[in-house]
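In UniProt numbering, the protein residues as written are 1 to 159.
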């Protein structure tokens, strides 16, 4: 093999070239820029997955806040409904709003709605409805939680 043929062969293979072995073979030239195209297609998908995960976390937390507020309001309603038949609803709503303020201040788009009802005699129910802010365009998510239980009454022995 001549000296000239040896240089040509080394350049062709990529050994010892001044570009650090970056000489491509004839079949590899079509892969140039393929990672940029993959990046263009995968980036929106990754953003959607990240925003979707954050939106799910916000919804899950808002659901937990609404559930805790409904349960706190129902506990107050159960304790107060027998002693204060006319004022237990306002006390239960106030307790629910206190829980919402403590656990999820600024968590909802608008102030949540708290409803108190008597679904059956000697039973109270507290419902919380709220709208979760959306970071994904076009999504409107509403959380609803309710809690109910029997009215607590003191019954003396033998009576």
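The C-beta atom is built at its ideal place from N, Cα and C for all residues, glycine as well.
All values derive from a computational prediction rather than experimental measurement.
- Task: Would you give the residue range spanned by the alpha helix (DSSP H) that residue 94 belongs to?
- Result: Taking the first residue of the chain shown as 1, we reach residue 94 at position 94. Element bounds for residue 94: 88–104.
- Message: Less than 8 Å between the beta carbons of residue 96 and residue 69, yes or no?
- Response: For the purposes of this step, residue 96 is taken as the residue at position 96 of the chain shown. For the purposes of this step, residue 69 is taken as the residue at position 69 of the chain shown. In this structure, residue 69 lies closer than 8 Å to residue 96 by Cβ.
- In angstroms, rounded to a whole number, what distance separates the CA positions of residue 127 and residue 147? Working through the chain shown from its first residue, we reach residue 127 at position 127. Working through the chain shown from its first residue, we reach residue 147 at position 147. About 7 Å.
- Using the DSSP secondary-structure output, state which residues sit across from residue 150 in a beta bridge. Walking along the chain shown from the start, residue 150 turns up at place 150. Looking at the DSSP assignment, residue 150 forms a beta bridge with 123.
- Would the beta-carbon of residue 74 fall within 8 Å of that of residue 124? Against the chain shown, residue 74 aligns to sequence position 74. Against the chain shown, residue 124 aligns to sequence position 124. In contact: residue 74 and residue 124 (Cβ atoms closer than 8 Å).
- Message: Using a Cβ distance threshold of 8 Å, determine whether the segment 75–84 contacts the segment 149–156, with at least three qualifying pairs required.
- Response: Two segments are said to touch when three or more pairs of C-beta atoms, one from each, lie closer than 8 Å; by this definition the segment 75–84 touches the segment 149–156.
- Message: If contact is defined by three or more beta carbon pairs under 8 Å, each pair taking one atom from either stretch, is the segment 134–145 in contact with the segment 47–56?
- Response: Short answer: they touch.
- Query: Closest by CA to residue 117, which one among 85, 111, 13?
  - Reply: By 1-based counting over the chain shown, the position of residue 117 is 117. Looking at the Cα atoms, 85 is the closest of the given residues.
- Query: What's the C-alpha gap between residue 103 and residue 35?
  - Reply: For the purposes of this step, residue 103 is identified with residue 103 of the chain shown, where counting begins at 1. For the purposes of this step, residue 35 is identified with residue 35 of the chain shown, where counting begins at 1. Straight-line Cα distance between these residues: approximately 45 Å.
- Task: Output the boundary residues of the alpha helix (DSSP H) element that contains residue 5.
- Result: Position 5 of the chain shown holds residue 5. Element bounds for residue 5: 3–13.
- Helix or strand or just coil, what does DSSP make of residue 114? Walking along the chain shown from the start, residue 114 turns up at place 114. Looking at residue 114 - three-state DSSP - the assignment turns out to be strand.
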